[in-house]
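Below is one structure, written out as structure tokens; comments come after it.
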Amino acid sequence: MVPSALVGSAFYFLIDATNSILKYELATRNMSVIQLPPDFSVDFAVLMAMGDGGLGFARLENSRLFLWSMETGPKGDAEWAQTRVIQLETLLPVDASSISYDFVGFAHGVGVFFVGTDDGLFSIDLKSGRVMKVCEEECGEEGIHGVIPYISFYTPDFHQYGLVPV
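Counted from 1, the sequence shown has number 1047 at position 21 by my numbering; the numbering is strictly sequential.
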């Protein structure tokens, strides 16, 4: 299953066969197709909501994480703009240098990527730049292939009434 992204009132899905994005408007139930940047593939990619409320796209290629955002061009049409490139070799700890990097997950809403290496699984917070080793297990053929992050919170009311957060 290819993860989707909810941005505004629309769901976006990566389409493997055509290297494009399917947009589904919840209010109108209309569908449309958005082309990816030229020479791009949906392999090792994820869609995400950007801080400005627009659609974003990230792709892992070799040891670099490329971030793109959909912006309105001078003629009013939508176009992709590369906003950032993250060099994983310089960001991850020295002992995490790897022959291959695998994109294994993304936590929507908080902007955290999960990248697998031969040395383990790392989380990368896009806002703070903080990197944490999440798991020692090697990623790759026999290791971790995907992460499904979840977010939970705790309020004083939970404790007061003997409730356990889920």
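Where is the CB? At the ideal position from N, CA and C, for every residue including glycine. Quantities reported herein were computed from a predicted structural model and do not represent experimental measurements.
What's the gap between the Cα of His-1134 and the Cα of Lys-1101?
Counting from one through the sequence shown, the residue named residue 1134 turns up at place 108. Counting from one through the sequence shown, the residue named residue 1101 turns up at place 75. CA-to-CA, the gap between His-1134 and Lys-1101 works out to about 31 Å.
Terminal residues of the continuous beta strand (DSSP E) containing Leu-1147?
Reading the sequence shown from its first residue, position 121 is the one you call residue 1147. Counting along the chain, the beta strand (DSSP E) containing Leu-1147 begins and ends at 1146-1151.
Under the three-state reduction of DSSP, which class applies to Thr-1116: helix, strand or coil?
The residue you call residue 1116 lines up with position 90 of the sequence shown. It is helical.
Ser-1089 and Leu-1114: beta carbons closer than 7 Å?
As a working mapping, residue 1089 is identified with position 63 in the sequence shown. As a working mapping, residue 1114 is identified with position 88 in the sequence shown. Yes, Cβ-Cβ distance for Ser-1089 and Leu-1114 is below 7 Å.
Tyr-1127 to Val-1033 span [Cα, whole Å]:
Position 101 of the sequence shown, counting from 1, holds the residue named residue 1127. Position 7 of the sequence shown, counting from 1, holds the residue named residue 1033. Rounded to whole angstroms, Tyr-1127 to Val-1033 spans 27 Å at the Cα level.
Cβ-Cβ separation, Val-1072 to Phe-1129 (assumed contact under 8 Å), whole Å:
Start at 1 with the first residue of the sequence shown, and residue 1129 comes out as number 103. Start at 1 with the first residue of the sequence shown, and residue 1072 comes out as number 46. For a cut-off of 8 Å, the C-beta gap from Phe-1129 to Val-1072 is around 7 Å, short enough to register as a contact.
Leu-1016 versus Phe-1139 - alpha carbon distance:
An answer regarding residue 1016 cannot be provided, because it is not within the stretch 1027 to 1192 covered by the chain.
How big is the Cα-Cα spacing for Val-1111 and Leu-1093?
Counting from 1 along the sequence shown, the entry for residue 1111 is found at position 85. Counting from 1 along the sequence shown, the entry for residue 1093 is found at position 67. Using only the alpha carbons, I get a separation of about 6 Å.
Thinking C-alpha only, which one of Gly-1146, Gly-1142 and Gly-1155 is nearest Val-1136?
Within the sequence shown, the letter at position 110 stands for residue 1136. With distances taken between CA atoms, Val-1136 lies nearest to Gly-1155 out of Gly-1146, Gly-1142 and Gly-1155.
Tell me, to the nearest whole angstrom, how far the beta carbon of Ala-1104 is from that of Met-1074; I am working on the premise that it is less than 8 Å.
Here residue 1104 is taken as the residue at index 78 of the sequence shown, counted from 1. Here residue 1074 is taken as the residue at index 48 of the sequence shown, counted from 1. Contact between Ala-1104 and Met-1074 is absent: CB atoms are separated by about 16 Å, not below the 8 Å threshold.
Identify whether Asp-1069 lies in helix, strand or coil by the three-state DSSP scheme.
In the sequence shown, counting from the first residue as 1, residue 1069 sits at position 43. Coil.
Are there 16 or more other CB atoms within 10 angstroms of the CB of Arg-1055, so buried, or fewer, so exposed?
For the purposes of this step, residue 1055 is taken as residue 29 along the sequence shown, with counting starting at 1. Arg-1055 should be labelled exposed.
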